[in-house]
Amino acid sequence: GEDVEQSLFLSVREGDSSVINCTYTDSSSTYLYWYKQEPGAGLQLLTYIFSNMDMKQDQRLTVLLNKKDKHLSLRIADTQTGDSAIYFCAESIQNQGGKLIFGQGTELSVKP
Amino acid sequence: KAGVTQTPRYLIKTRGQQVTLSCSPISGHRSVSWYQQTPGQGLQFLFEYFSETQRNKGNFPGRFSGRQFSNSRSEMNVSTLELGDSALYLCASSLQSAGANVLTFGAGSRLTVL
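In order, the protein sequence lines correspond to chains P and W.
Heads up: the first sequence at position 94 corresponds to 94 in my numbering, and the numbers run straight through without jumps.
Counting the second sequence from 1 gives a position; my numbering is that position plus 112.
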């Protein structure tokens, strides 16, 4: 079945690294995504990774994918208070077009 | 380049009424997807339209329907509203080219059912 799991909360100090974890169940995932949602706003795409890749780096963001364990993580280096938001991982399934399966979201709180 | 525009942003309805939400995709995007976001169920896929045809559908009752026009704008309709339909309804558009299906989301329409 299709299921994506995330821990619900993460609290870090400003300047530290944040690591948000996600597990998924569907082995036919094609791409995996990280979205950010700030209060009162829609979802903003942060980055995505093809399911055959292990790692992708984009400025302060590093995505690691362990396909064998179906585990995805997002590392935010030098976390700032402006990074406080809810982070969603999502997977797209082969031949399912615009349908993404989202996790419950991880609320990241960055303390000064 | 304008983003995805959803209207209205906020609305209040009573049980039994019906509601229509509108979504204007990014220019050139032919695929529009709709999602429902609630605190209890999270983000759930409603349906996807591509070139005026529903291409994919989530597990929602028939009270939830949608359509897409020739200019790619989309509407979704919920009839006979229930309290549990209170949610943020998000629309997303994409190019649907080969490779990653990158969805760009609108700010959402927040529906409150009393």
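Beta carbons: idealized from backbone N, C-alpha and C, even for Gly.
These numbers were taken from a predicted model, which means no experiment stands behind them.
Tell me, please, whether the CB atom of residue i is closer than 9 Å to any CB atom in chain P?
i	result
G196 (chain W)	no
Q208 (chain W)	yes
E160 (chain W)	yes
A219 (chain W)	yes
A199 (chain W)	no
A204 (chain W)	yes
T216 (chain W)	yes
A114 (chain W)	no
N189 (chain W)	no
Following the continuous beta strand (DSSP E) through residue i, name the residue where it begins and the one where it ends.
i	result
Q148 (chain W)	143–150
S163 (chain W)	No beta strand (DSSP E) contains S163 (chain W), which DSSP labels as neither H nor E.
T224 (chain W)	221–225
L8 (chain P)	Per DSSP, L8 (chain P) belongs to no beta strand (DSSP E) and is neither H nor E.
K67 (chain P)	No beta strand (DSSP E) holds K67 (chain P); DSSP gives it neither H nor E.
Q118 (chain W)	117–119
F102 (chain P)	100–102
S134 (chain W)	131–136
L108 (chain P)	106–111
N183 (chain W)	That residue, N183 (chain W), is in no beta strand (DSSP E); it is neither H nor E in DSSP.
S17 (chain P)	Note, S17 (chain P): premise wrong, no beta strand (DSSP E); not H, not E.
L123 (chain W)	122–125
Give the DSSP-derived three-state secondary structure of residue i in the structure shown.
i	result
G178 (chain W)	strand
L195 (chain W)	helix
D195 (chain P)	This structure gives no information on residue 195 (chain P), because the portion of chain P shown stretches from 1 to 112.
T81 (chain P)	helix
M53 (chain P)	coil
T30 (chain P)	strand
L72 (chain P)	strand
A41 (chain P)	coil
N213 (chain W)	coil
E2 (chain P)	coil
F157 (chain W)	strand
For residue i and chain W, any beta-carbon pair shorter than 9 Å?
i	result
K99 (chain P)	yes
Y48 (chain P)	yes
Q104 (chain P)	yes
What residues in the segment 138–155 of chain W have a beta carbon less than 7 Å from any beta carbon of chain P?
The segment 138–155 of chain W vs chain P, Cβ under 7 Å: S143, S145, G154, L155.
Please confirm if the segment 173–190 of chain W is in contact with the segment 130–150 of chain W, defined as three or more CB-CB distances below 8 Å between the two stretches.
As far as the Cβ criterion goes, the segment 173–190 of chain W touches the segment 130–150 of chain W, which means the pair count is three or higher.
Could you tell me whether the segment 64–76 of chain P touches the segment 118–130 of chain W, using the rule of 3 or more Cβ pairs below 8 Å?
With the cut-off at 8 Å, the segment 64–76 of chain P and the segment 118–130 of chain W do not touch.
Can we say the segment 153–171 of chain W touches the segment 45–56 of chain P, given the rule of at least three CB pairs closer than 8 Å?
Not touching, per the Cβ criterion.
Near-chain W residues of the segment 30–46 of chain P - C-beta to any C-beta below 9 Å:
Listed by position along the chain: T30, Y31, Y33, Y35, Q37, G40, A41, G42, L43, Q44, L45.
For the pair the segment 4–20 of chain P and the segment 101–111 of chain P, tell me if three or more CB-CB distances fall below 8 Å.
Flag = yes, the segment 4–20 of chain P and the segment 101–111 of chain P touch.
Closer than 9 Å, Cβ to Cβ, to anything on chain W: give me those residues from the segment 64–97 of chain P, in chain order.
Result list: F88, A90, S92, Q96, G97.
Counting pairs of beta carbons, one from the segment 83–100 of chain P and one from the segment 194–201 of chain W, are three or more of them closer than 8 Å?
No, because fewer than three Cβ pairs between the segment 83–100 of chain P and the segment 194–201 of chain W fall closer than 8 Å, the two stretches do not touch.
Is it a yes or a no for the segment 139–148 of chain W touching the segment 173–185 of chain W, going by three-plus beta-carbon pairs under 8 Å?
Yes: the two stretches touch, three or more of their Cβ pairs being nearer than 8 Å.
What residues in the segment 165–183 of chain W bring their beta carbon closer than 8 Å to a beta carbon of chain P?
R167, N168, G170: these are the residues of the segment 165–183 of chain W whose beta carbon lies less than 8 Å from some beta carbon of chain P, given in chain order.
Closer than 8 Å is the cut-off here; do at least three beta carbon pairs connect the segment 210–222 of chain W with the segment 160–174 of chain W?
Verdict: no, contact absent.
Do the segment 12–23 of chain P and the segment 198–205 of chain W meet, that is, are 3 or more Cβ pairs less than 8 Å apart?
The segment 12–23 of chain P makes no contact with the segment 198–205 of chain W; the number of CB pairs closer than 8 Å stays below 3.
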